[in-house]
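Engineer: Residues in the sequence shown are numbered from 698 upward in steps of one, following our numbering. Once you've had a glance at the structure underneath, I'll fire off some questions.
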Amino acid sequence: MSTSPAIARIDLVKRPSRPPAALTARQAAELREEREPKPFLKWVGGKGRLLSQLTPLLPPGVARMRHVEPFVGGGAFFFARSPARALLSDVNPDLIGTYQAIRDDVEGVILNLEILAQGHSKEAYYGVRSDYNASLGDTSTERAAQFIYLNKTCFNGLHRVNKRGEFNVPVGTYVKPRILDEGALHAAHRALAGVEIRCAGFEALVQDARPGDFVYFDPPYEPVSETARFTAYAQGGFDQDAQRKLRDVYRELDRRGARLMLSNSDVPFIRELYSDFQIDTVAAPRAINCDGRGRGKVAEVVVRNY
Ligand SMILES: C[S@@+](CC[C@H](N)C(=O)[O-])C[C@H]1O[C@@H](n2cnc3c(N)ncnc32)[C@H](O)[C@@H]1O
């Protein structure tokens, strides 16, 4: 017989109604330091470990182009580049609401995350998860803090929702998870200033992209085995029809004169879809991934139209 986990509640605040608690020496030092922006979430498929291989493949003159990223996820490439102009989008509304909150009200996110970090326990995790699921569709700063808290404390940093859109990952096993990293959130806030952030499927880009854009596509990868395909699609994955639609969008943006770069797994289906374009191979060391493959080094393709 399964029993529901015990839960405890943590009350959040609408607006900063009290000054933040006194900073520890380490937090104060972190705030003074101008940190390099980097992802503020653990995100499956994050490109952090591939940056040194992707950067040399950027197009000439990229510094003057608008950076467009329609599958932004944890945003590793965006943060590493910190471009002056950018459009970020993803189909996940909770992820996008969190990016918007960090851009528009980072202090509110930090204040609430501090409250959540202080109250963290296994029981509190299930209380936060239940409050978070009761406010689906809400884009408040409090919900963004709950999103980050759940991401840092859940099992393996996974993001999985049920058919109703409710987050259903169990609590992780971390002894002392780093829930609040103010320096990282401030750095992300600076990188996101003036950036356009939208919740949309990748198809929406067709209306919008133009010459002078650099578009980086990092879709859910085509699985490399039948078992991986079964697991990925059972979790609402991106099927071969979606990969074909994405290739059609890629072709259309190519026709319009945007510079395009796309990552995917190195499998015949993907090589065939993009056979009109330049295909390079990179080797990706991966811990967890969004394509259901195992751990270890795997080959990926980078498809470019320049
Ligand atoms: C491989 S992950 C991106 C990883 C990211 N580049 C990073 O560094 O963390 C794929 C992302 O695509 C998003 N996604 C899935 N289907 C989508 C769709 N149809 N349109 C736009 N985004 C989608 C998922 O929400 C997920 O964030």
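Built from N, CA and C at the ideal position, the CB exists for glycine as well. Since this is a predicted model, take the numbers as computed values, not measurements.
#1: Rounded to a whole number of angstroms, what is the C-alpha to C-alpha distance between P916 and V741?
#2: Would the stretch 873-882 count as touching the stretch 833-851 if we require 3 or more Cβ pairs under 8 Å?
#3: Considering only residues of the stretch 777-861, which uninterrupted beta strand (DSSP E) runs meet the minimum length of 3 residues and lie entirely inside it, listed in chain order?
#4: Any idea which residues DSSP pairs Q975 with across the strands?
#5: Taking DSSP's pairing of strands, which residues face Y913 in a bridge?
#6: If you count every other CB in all the chains shown that lies within 10 Å of the CB of D791, and 16 or more means buried, which is it?
#7: For the putative contact between A906 and L950, defined by C-beta atoms under 8 Å, what is the C-beta separation to the nearest angstrom?
#8: Which term fits N986, buried or exposed, when burial requires 16 or more other beta carbons within 10 angstroms of its beta carbon?
#9: Return yes when the C-beta of P734 is under 7 Å from any heavy atom of ligand 1, and no when it is not.
#10: With a cut-off of 8 Å on the beta carbons, I'd call V765 and F911 a contact; round off their distance for me.
#11: Bridge partners for V741 per DSSP, in chain order?
#12: Relative to the C-alpha of R732, which residue among P756, V710 and S779 is closest?
#13: Pick helix, strand or coil for I707, following the three-state DSSP scheme.
#14: Three-state secondary structure (DSSP) at K763?
#15: Just to confirm, is the Cβ distance from L785 to G772 under 8 Å?
#16: In chain order, what residues of the same chain have a beta carbon less than 7 Å from the beta carbon of I707, not counting five sequence neighbours either side?
#17: Going by C-alpha distance, which of R944, G898, L808 and C896 is nearest E919?
#18: If you follow the beta strand (DSSP E) that I967 is in, where does it begin and where does it stop?
#19: Straight-line CA distance for K819 to D787?
#20: Measure the beta-carbon distance from N838 to G891 and round it to whole angstroms, keeping in mind my assumption that it falls under 8 Å.
#21: Could you tell me whether the Cβ atoms of F899 and P767 are closer together than 8 Å?
#22: Specify the secondary structure class of C987 as computed by DSSP and reduced to three states.
#23: Name the one or two DSSP bridge partners that F864 has.
#24: Near D802, what residues of its chain come up, given a Cβ to Cβ distance below 6 Å and the 5 sequence neighbours on each side ignored?
#25: Counting C-beta neighbours from all protein chains within 10 Å, is the total for Q797 16 or more, i.e. buried, or is it exposed?
#26: Can we count P916 as close to ligand 1, meaning its CB is less than 7 Å from some heavy atom?
#27: Let's test the definition: count the other Cβ atoms within 10 Å of the Cβ of D938 and tell me whether it reaches 16, buried, or not, exposed.
#28: Run the CB neighbour count on P734, radius 10 Å, all protein chains shown included, and call it buried at 16 or more, exposed below.
#29: A980: which of V866, N853, K711 and Q750 sits nearest, CA to CA?
#30: Hey, would you say P756 sits closer than 8 Å to Y947, going by beta carbons?
Structural biologist: Quick look at the numbers:
#1: 11 Å
#2: yes
#3: 783-787
#4: R1001
#5: M958
#6: Residue burial is scored here from C-beta neighbours: D791 has at least 16 other C-beta atoms within 10 angstroms and is therefore classed as buried.
#7: 5 Å
#8: Here N986 scores only 47 on pLDDT, less than 50, and its place in the model is too uncertain to base an answer on.
#9: no
#10: 7 Å
#11: DSSP, once it has assigned bridges, lists no residue as partnering V741.
#12: S779
#13: coil
#14: Note that residue 763 corresponds to Arg in the displayed sequence, not to Lys. Reduced to three states, the DSSP call for R763 is strand.
#15: yes
#16: I812, L813, G816, A821, G824 and V825
#17: R944
#18: I967 -> not in any beta strand (DSSP E); alpha helix (DSSP H) instead, spanning P965 to L970.
#19: Their backbone Cα atoms lie some 30 Å apart in a straight line.
#20: Looking at the sequence provided, one finds Thr at residue 838 rather than Asn. About 19 Å; that fails the 8 Å criterion.
#21: yes
#22: Summary for C987: the model assigns pLDDT 49, below 50, so the residue's position carries little reliability; its value from the coordinates is reported in the next sentence. Residue state for C987 is assigned as coil, using DSSP reduced to three classes.
#23: V858
#24: T838
#25: buried
#26: yes
#27: exposed
#28: buried
#29: Q750
#30: no
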